[in-house]
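Colleague: I am attaching a structure below and will ask some questions about it afterwards.
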Amino acid sequence: MHNRVAIAGSGAWGTALAIAAARAGRSVTLWSRDADAARHMSEQRQNVAYLPGVILPASIRITYDFKDLHDAGLLIAAVPAQSMRDLAKHLAGHIPSGIPVVVAAKGLELASNAFMSDIIGEHLPHNPPALLSGPSFAVDVGKGLPTAVTLAARDEALARSIVKLLSSSSFRLYHSTDLRGAEIGGAAKNVLAIASGICAGQSLGASASAALIARGFAELARLGNSLGARPETLMGLSGLGDLILTCNSTASRNFSFGLNLGRGLSVAEASQGKLAEGAHTASALVEMANARHVEMPICTAVNAVLRQDLTIERAIETLLARPSKAE
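At the far end of the sequence shown sits residue 381, using this note's numbering, and the numbering has no gaps.
Printed below as a string of structure tokens:
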């Protein structure tokens, strides 16, 4: 694997990862699907739409042409989860066999309930998938604030090599071979962050918030266990670590979305034009849990609220009315 890193996706996260890779001393290409956006970023050396005020190093090449990705030694797919399949289809004709593809999206595909690594495997069978996940906000990474995340790949040697390629003094990566466990944490925590935001929007208090996070993690762990995830992965950065971050900050789009719901905004109004991945993942996550006979009452309640099958007040009553049992 050589030192050229390509990032497909020029949103806040993709831009931040491009900066992080450049900070690690790599040659970086950042691809945007929008030609005008690519041109503006090249001229202004910042992503005004998604990461304003964070300067892009001169070493980052910005493009809207897929052909510019062909010489990368590593490709990071930093598009939303619901756009991952379309990206994978397009990449199939533009990146050589053997180039690892690191997924930087957290979620499940709504139409198929598929994990992101499985989508990469389906459309890019000769490009080994990996996953970058953990407690990280794009603005923190872009500014070079200390951040630690998990890099998971099924092959340990591959995971170690990607960690070495992307790590810097401010961006610390820990390798793992538990790809599925890391994916579960990233997907479930977004749905639970919506629940936490609703809790805050309803002014239920710090005690309720702490209980929700603890019981939410128990749900995440049950699903993880059913899919063979390792306990240490679920307890690590990509599981509990990410859950704690996204359930406690308005910088989290999922928490903010839930906060707006809790304050009385409709589902359509609550996003305020920003993507909340958990809103798309909720139904897929609940379907997966039901198929495996895994109880996830908090995630189920969030999904019911998003589908407008339950009011928030009724969802809270339903959760509080659950029978007492041993922890």
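From the three backbone atoms N, C-alpha and C, an ideal C-beta is built for every residue, glycine too.
At the level of alpha carbons, what is the spacing between Asp88 and Gly293?
Modeller: Within the sequence shown, residue 88 is the residue found at index 34, counting from 1. Within the sequence shown, residue 293 is the residue found at index 239, counting from 1. So the two alpha carbons sit approximately 33 Å from each other.
Colleague: Rounded C-beta distance between Leu129 and Ala62? I'm assuming under 8 Å.
Modeller: For the purposes of this step, residue 129 is taken as residue 75 along the sequence shown, with counting starting at 1. For the purposes of this step, residue 62 is taken as residue 8 along the sequence shown, with counting starting at 1. 6 Å between Cβ atoms; contact.
Colleague: Assess contact between the stretch 160-180 and the stretch 107-119, defined as three or more Cβ pairs (one per stretch) separated by less than 8 Å. Is contact present?
Modeller: Contact between the stretch 160-180 and the stretch 107-119 is absent, because fewer than three Cβ pairs lie under 8 Å.
Colleague: First and last residue of the beta strand (DSSP E) that includes Ala206?
Modeller: In the sequence shown, counting from the first residue as 1, residue 206 sits at position 152. First-last of the beta strand (DSSP E) with Ala206: 201-207.
Colleague: Is there contact here, the stretch 182-202 with the stretch 60-74, by at least three beta-carbon pairs under 8 Å?
Modeller: Yes, the stretch 182-202 is in contact with the stretch 60-74.
Colleague: Going by other Cβ atoms of all chains shown within 10 Å of its Cβ, with 16 needed for buried, is Arg234 buried or exposed?
Modeller: Translated into positions along the sequence shown, residue 234 becomes position 180. Its Cβ being crowded by 16 or more others within 10 Å, Arg234 is buried.
Colleague: For Leu374, does the count of other Cβ atoms within 10 angstroms reach 16, so buried, or fall short, so exposed?
Modeller: The residue given as residue 374 occupies position 320 in the sequence shown. Per the 10 Å Cβ criterion, exposed.
Colleague: I'd like to know if the stretch 254-261 and the stretch 220-230 are in contact, where contact means that at least 3 CB-CB pairs between them fall below 8 Å.
Modeller: The stretch 254-261 is not in contact with the stretch 220-230.
Colleague: Could you check what DSSP says for Phe120 in three-state terms: helix, strand or coil?
Modeller: Mapped onto the sequence shown, residue 120 falls at position 66. Correct three-state label for Phe120: helix.
Colleague: Could you tell me the boundaries of the beta strand (DSSP E) in which Ser230 lies?
Modeller: Walking along the sequence shown from the start, residue 230 turns up at place 176. Element bounds for Ser230: 225-230.
Colleague: Is the CB-CB distance between Ala338 and Leu164 below 8 Å?
Modeller: Taking the first residue of the sequence shown as 1, we reach residue 338 at position 284. Taking the first residue of the sequence shown as 1, we reach residue 164 at position 110. Yes.
Colleague: Mind checking which residues open and close the alpha helix (DSSP H) that includes Ile173?
Modeller: By 1-based counting over the sequence shown, the position of residue 173 is 119. From DSSP, the alpha helix (DSSP H) with Ile173 extends over 170-177.
Colleague: Check the C-beta distance from Leu297 over to Gly270 and give it rounded, since I have them as a contact under 8 Å.
Modeller: If you number the sequence shown from 1, residue 297 lands on position 243. If you number the sequence shown from 1, residue 270 lands on position 216. 7 Å between Cβ atoms; contact.
Colleague: Rounded to whole angstroms, what is the Cα-Cα separation between Arg115 and Leu141?
Modeller: Here residue 115 refers to the residue found at position 61 when the sequence shown is read from its first residue. Here residue 141 refers to the residue found at position 87 when the sequence shown is read from its first residue. Spanning the two alpha carbons is a distance of roughly 20 Å.
Colleague: Give every residue of the same chain whose Cβ lies closer than 7 Å to the Cβ of Pro111, excluding the five residues on either side of it in the sequence, and list them in chain order.
Modeller: As a working note, residue 111 is residue 57 in the sequence shown. Hits under 7 Å: Ile73, Ala76.
Colleague: In this structure, does DSSP put Val217 in helix, strand or coil?
Modeller: Translated into positions along the sequence shown, residue 217 becomes position 163. The answer is helix: DSSP assigns Val217 an H, G or I state.
Colleague: Could you tell me which residues DSSP pairs with Pro183 in its beta bridges?
Modeller: Reading the sequence shown from its first residue, position 129 is the one you call residue 183. DSSP output for Pro183 lists Val155 as bridge partner(s).
Colleague: Anyone know if the C-beta pair for Ser187 and Ala213 falls short of 8 Å?
Modeller: Stepping through the sequence shown from its first residue, residue 187 is reached at position 133. Stepping through the sequence shown from its first residue, residue 213 is reached at position 159. The answer is no: Cβ separation not under 8 Å.
Colleague: Fully enclosed by the stretch 74-122, which beta strand (DSSP E) runs are 3 residues long or longer?
Modeller: As far as the stretch 74-122 is concerned, its whole beta strand (DSSP E) runs of at least 3 residues are 81-85, 105-109, 114-117.
Colleague: What are the boundary residues of the beta strand (DSSP E) that includes Ala60?
Modeller: For the purposes of this step, residue 60 is taken as residue 6 along the sequence shown, with counting starting at 1. Here the beta strand (DSSP E) through Ala60 covers 58-62.
Colleague: Would you list the one or two residues that DSSP bridges to Ala330?
Modeller: Sequence index remark: in the sequence shown, residue 330 carries index 276 (1-based). Paired residues: none, contrary to the question.
Colleague: In terms of alpha-carbon separation, which member of Ala132, Glu323, Asp125 lies closest to Ile153?
Modeller: On the sequence shown, residue 153 is found 99 positions in, with the first residue counted as 1. If we check each option's Cα against that of Ile153, Asp125 comes out closest.
Colleague: Comparing alpha-carbon positions, which option in Thr300, Arg317, Ala60 lies nearest Val156?
Modeller: Position 102 of the sequence shown, counted from the start, is the residue given in the question as residue 156. For Val156, the nearest C-alpha among the options comes from Ala60.
Colleague: Between which two residues does the alpha helix (DSSP H) carrying Ala265 extend?
Modeller: The count along the sequence shown starts at 1 and reaches residue 265 at position 211. Segment 260-280, the alpha helix (DSSP H) holding Ala265.
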